[in-house]
Every structure is written in structure tokens, then in C-alpha cells.
Amino acid sequence: MSEEEFPAAKVALEEYQRLEHQMSQPEAASDPAQIRKLGRRHSELAPIVEAYRRYTSLLEDHEAAQTMAGEDPEFAQEAKDLADRIPAARERLRTALIPRDPDDSRDAIMEIKAGTGGEEAALFAGDLMRMYIRYAEKRGWSTEIMNENRTELGGVKDAEMAIRARGQVAPADGVWASMKYEGGVHRVQRIPVTESQGRIQTSAAGVIVFPEADEDDDEIQIDPKDLKIDIFMSSGPGGQSVNTTYSAVRMTHIPTGIVVSMQDEKSQIQNRQAALRVLKSRLLAMKHEEEAAQAADMRHSQVRSLDRSERIRTYNFPESRIVDHRTGYKAYNLEQVLDGDLQAVIDSDIQADEAQRMASQE
Numbered sequence: 352m353s354e355e356e357f358p359a360a361k362v363a364l365e366e367y368q369r370l371e372h373q374m375s376q377p378e379a380a381s382d383p384a385q386i387r388k389l390g391r392r393h394s395e396l397a398p399i400v401e402a403y404r405r406y407t408s409l410l411e412d413h414e415a416a417q418t419m420a421g422e423d424p425e426f427a428q429e430a431k432d433l434a435d436r437i438p439a440a441r442e443r444l445r446t447a448l449i450p451r452d453p454d455d456s457r458d459a460i461m462e463i464k465a466g467t468g469g470e471e472a473a474l475f476a477g478d479l480m481r482m483y484i485r486y487a488e489k490r491g492w493s494t495e496i497m498n499e500n501r502t503e504l505g506g507v508k509d510a511e512m513a514i515r516a517r518g519q520v521a522p523a524d525g526v527w528a529s530m531k532y533e534g535g536v537h538r539v540q541r542i543p544v545t546e547s548q549g550r551i552q553t554s555a556a557g558v559i560v561f562p563e564a565d566e567d568d569d570e571i572q573i574d575p576k577d578l579k580i581d582i583f584m585s586s587g588p589g590g591q592s593v594n595t596t597y598s599a600v601r602m603t604h605i606p607t608g609i610v611v612s613m614q615d616e617k618s619q620i621q622n623r624q625a626a627l628r629v630l631k632s633r634l635l636a637m638k639h640e641e642e643a644a645q646a647a648d649m650r651h652s653q654v655r656s657l658d659r660s661e662r663i664r665t666y667n668f669p670e671s672r673i674v675d676h677r678t679g680y681k682a683y684n685l686e687q688v689l690d691g692d693l694q695a696v697i698d699s700d701i702q703a704d705e706a707q708r709m710a711s712q713e
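All residue numbers for the sequence shown refer to the numbering used here, where the first residue is 352 and numbers rise by one.
Right under this line is the structure:
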């Protein structure tokens with residue numbers, strides 16, 4: 352019955368078992384790139400397999416209880432209890448079969464950039480960066496600031512950081528699965544520290560997030576001839592010199608025009624490696640977006656402009672209110688959210704996305 356009703360689940364189970372066999376082979380275990388690729392797919396299939404096994408087990412137990420009920424009345428109640436649990440198990444399996452974003456289990460790279468609002472926008476960008484670092488800590492993830500340009504007042508003009516889970520995780524627990532919803536324009540309403548009249552002002556910061564490509568991921572190949580690399584001297588707040596060596600790197604990918612600058616590492620080689628990681632991740636994100644667009648399933652959650660009208664979220668300090676404009680989520684715990692208690696906001700985006708994907712499947 353279950354195989355006829357959910358043929359895709361049976362196919363997933365067969366692939367899952369093949370993956371387990373492949374992962375147990377010595378040649379896979381000795382190849383980190385291969386074992387990571389197999390492990391990622393294994394994690395993607397695990398929720399489907401678990402739901403499928405639970406569902407088929409319930410069906411088998413129910414059938415057995417019905418058979419036994421003819422001989423022993425006590426099994427009649429057990430058969431009824433099992434029958435009551437079958438619809439929920441069927442729904443869990445149906446939900447698990449809804450296609451996930453294939454990048455959900457990946458780590459992520461985040462770019463934060465001050466938008467309209469001058470120094471106040473830079474200070475707000477710094478607040479956002481701290482919020483994401485604190486949120487990552489609460490999730491048990493690690494963060495690495497790869498590049499950062501601060502203002503004299505301590506704000507952030509622009510910054511790039513990597514957010515990574517520890518070890519192999521299920522897709523639902525991956526960094527990208529949650530952080531992909533943070534891309535867009537974030538608007539703040541508050542009295543700036545630079546405002547002497549006590550007037551509330553509005554400013555904005557832009558956030559772009561993309562899944563991080565593995566260093567040895569063969570999905571993205573970059574030809575060195577396609578790179579233009581400029582070397583310059585690192586600078587700090589206000590343009591002051593940080594060091595006297597030409598260690599900062601500006602890497603331009605000629606075919607796409609993507610430019611990545613890195614200056615936080617101590618050596619030119621380290622900055623080159625960091626820039627290449629970001630570039631590769633950007634190209635991976637671009638490739639997947641193009642594939643999604645061709646499949647007419649383009650995700651519109653990330654806003655690439657710093658136009659205030661394209662905001663995804665507003666942080667209102669006078670009322671301690673946070674509003675997500677995509678889902679209508681509203682709460683009055685802004686201080687806690689900025690301290691990293693961001694899960695409820697992100698959950699509203701995840702639930703809306705899942706509902707949309709379920710509706711499209713139906």
C-alpha cells in the first residue's frame with residue numbers, strides 16, 4: 352500500500368541504502384570530498400527515510416492487529432489506536448517528500464553593508480553583525496570575520512563573514528537553511544547617537560547571504576586566466592594605514608564582473624585564499640539561482656538593492672518592535688532579538704516557505 356501511495360519514498364530509501372554502502376567503502380572513507388558529498392546527500396534523505404519507515408511500520412502493525420482482533424478482542428482497541436495514528440504519519444511523510452533546497456545543509460557567507468543613513472546606517476550594520484554572531488553562538492555555529500571596514504565611531508561600512516556548523520548536519524539544521532532568509536534590506540528607526548535634537552531617523556543596511564562552496568567542490572571551477580588580481584595596502588577606519596605591506600587583495604572575476612576584496616588577513620596569500628573562497632561561493636549561488644530561474648522556482652527572499660522601499664524587516668527602537676514584512680511576523684522584544692534571539696523571526700520565514708512549497712506540490 353505505502354509503496355503504491357508513495358513511490359518516491361521507496362526510491363529515496365533505495366538511494367539511502369546505496370549511499371550507506373558507498374560510505375562504508377575504504378575508497379570513500381579516504382576521500383574527504385567524496386565522503387562529504389555522500390554525507391550531505393545521506394542527510395538530505397534521512398528525514399524521508401525515517402518518516403517512510405515509521406509510516407510503513409504503522410501500516411504493518413495495524414494490519415497485524417486487525418488480524419489478531421478476530422481472535423482476541425483486546426487487539427481491536429490496539430488496531431483502532433494504530434489507525435488513529437496513521438493519518439499523522441502519512442502527513443509527515445508527505446511533508447518530508449516536498450523537495451528541499453539542495454544547499455540547506457551548507458555553511459553560509461554573509462555580506463553586510465551600510466546603506467542610506469550615513470554614520471547611523473554603519474552603526475546599525477554593526478548591530479546586525481553582532482546579532483548574527485550572537486545567533487550563531489546560540490546555534491552552536493562558528494563565525495569567521497573575513498573582511499571588515501569600520502568607521503571611526505565603530506560602525507561597519509561593509510563586512511563579510513563565514514558562518515559554519517560543526518560537523519555534518521541534517522539539512523534542516525544547516526546554516527543556509529536558516530540564514531538564507533536574512534538576505535535583503537533591514538531598516539532601523541531610532542534616535543541616532545549623532546542626533547542632537549532627539550529626532551527619530553530611518554536608515555538601512557543591506558544583507559546578502561549565499562551558501563559557501565567547499566574548497567574542493569568540483570561543481571565550480573575557476574580558470575586562473577579569468578581572474579584579475581590587484582594588490583594594495585590595507586587601511587583602517589578613516590583611511591588610516593593598518594600595515595606597511597601590500598597584503599590586501601582585490602580579485603575580479605572577468606566573465607561575471609564579480610569583485611571581492613580582502614584585507615583582514617596578515618599575508619597576501621591568506622587574503623588571496625579568503626577572496627577565492629568568497630568568489631567561489633558567489634559563483635555557486637549564481638549558478639543555483641540561474642538553475643532555479645530556469646525551473647520557474649526562483650526564490651525572491653533576497654533583495655539586492657538598498658532602496659528603503661524594498662525592505663524585508665524593520666527594527667523600531669522607540670516601540671521595541673520588530674516586523675518581518677514578508678510574513679507579517681511582529682514582536683516587541685527588539686533588545687533580545689538584537690542579542691541573538693532571532694529564531695522565532697526566522698521560523699516565521701521557514702514556515703511560510705514550507706507552506707508555499709507544499710501548496711506548489713499540491
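Where is the CB? At the ideal position from N, CA and C, for every residue including glycine.
Rounded to the nearest angstrom, the gap between the Cα atoms of His413 and Leu433 is 6 Å. By the Cβ rule, the stretch 449 to 458 counts as touching the stretch 387 to 401, because three or more pairs are nearer than 8 Å. Restricting attention to beta strand (DSSP E) runs no shorter than 3 residues, the stretch 454 to 501 encloses them at 459 to 465, 493 to 501, ordered along the chain. Here the alpha carbons of Met482 and Val688 stand approximately 7 Å from one another. Of all C-beta pairs linking the stretch 411 to 428 to the stretch 354 to 370, fewer than three are shorter than 8 Å, placing the two stretches out of contact. Excluding the 5 residues flanking it on each side, Val610 has same chain C-beta neighbours closer than 6 Å at Thr603, in chain order. When the five nearest sequence neighbours on each side are left out, the beta carbons in the same chain lying within less than 8 Å of the beta carbon of Ala555 are those of Gly466, Thr467, Gly468, Ala472, Phe475, Val536, His537, Arg538, Val539, Leu657, Arg659, Arg662, in order along the chain. Bridge partners of Thr603 according to DSSP: Lys579, Val610. Annotated as distal: Thr678 and Ala695, with beta-carbon spacing of 8 Å or more.
Minimum Cα-Cα distance from Glu356 among the listed residues Arg369, Tyr403, Asp690, Glu371 corresponds to Tyr403.
The continuous alpha helix (DSSP H) containing Gln687 extends over residues 685 to 689. In this model, Arg436 and Tyr406 are separated by some 9 Å (Cα to Cα).
Inter-residue distance for Arg517 and Ile605 is about 34 Å (C-alpha atoms, whole angstroms). In the three-state reduction of the DSSP assignment, Lys617 falls in the coil class, being assigned neither a helical nor a strand state. In the DSSP assignment, Ser554 is bridged to Val539. About 5 Å separates the beta carbons of Ser671 and Tyr683, which is inside the 8 Å limit, making them a contact pair. Within its own chain, the residues whose Cβ lies closer than 6 Å to the Cβ of Leu635, once the five positions on either side in sequence are excluded, are Ala564, Ile571, listed in chain order. For Lys631, the number of other beta carbons within 10 angstroms of its own is at least 16, and it is reported as buried. The secondary-structure analysis by DSSP pairs Glu511 across a beta bridge with Glu462, Asn498. By DSSP's assignment, Pro424 forms no beta bridge with any residue.
Judged by their CB atoms, Leu409 and Ala440 are nearer to each other than the 8 Å cut-off.
Separation of Gln552 and Asp478 (C-alpha to C-alpha, rounded to the nearest whole angstrom) is 16 Å. In the displayed model, Thr665 falls within a strand according to three-state DSSP. A straight line joining the alpha-carbon of Thr494 with that of Val674 spans about 26 Å. For the pair Gly525 and Leu578, the Cα-to-Cα distance works out to about 31 Å.
Under the criterion of beta carbons closer than 8 Å, Asp458 and Arg387 do not qualify as touching, at roughly 11 Å. Here DSSP, grouped into helix, strand and coil, assigns Pro450 to coil. Shown here, Ala439 sits in a helix according to DSSP, grouped into three states. Relative to Glu411, the option among Ile542, Ala430, Arg633, Tyr597 whose CA is nearest is Ala430. Counting only the Cα atoms, Leu504 lies some 24 Å from Ile559.
Taking each of Ile463, Leu370, Pro438 in turn and checking the Cα distance to Gly534, the smallest one comes out for Ile463. Looking at the backbone, the Cα of Tyr597 and that of Asp581 are separated by about 10 Å. Cβ neighbours of Leu444 within its own chain (closer than 7 Å, five residues either side excluded): Phe357, Ala360, Ala402, Tyr403, Tyr406. When secondary structure is reduced to three states using DSSP, Ile701 falls in the helix class.
Nearest C-alpha to Met584 among Phe561, Met374, Asn622, Arg550: Asn622. As summarised for the stretch 367 to 422, the continuous alpha helix (DSSP H) elements at least 4 residues long and confined to that stretch are 377 to 380, 383 to 420, given in chain order.
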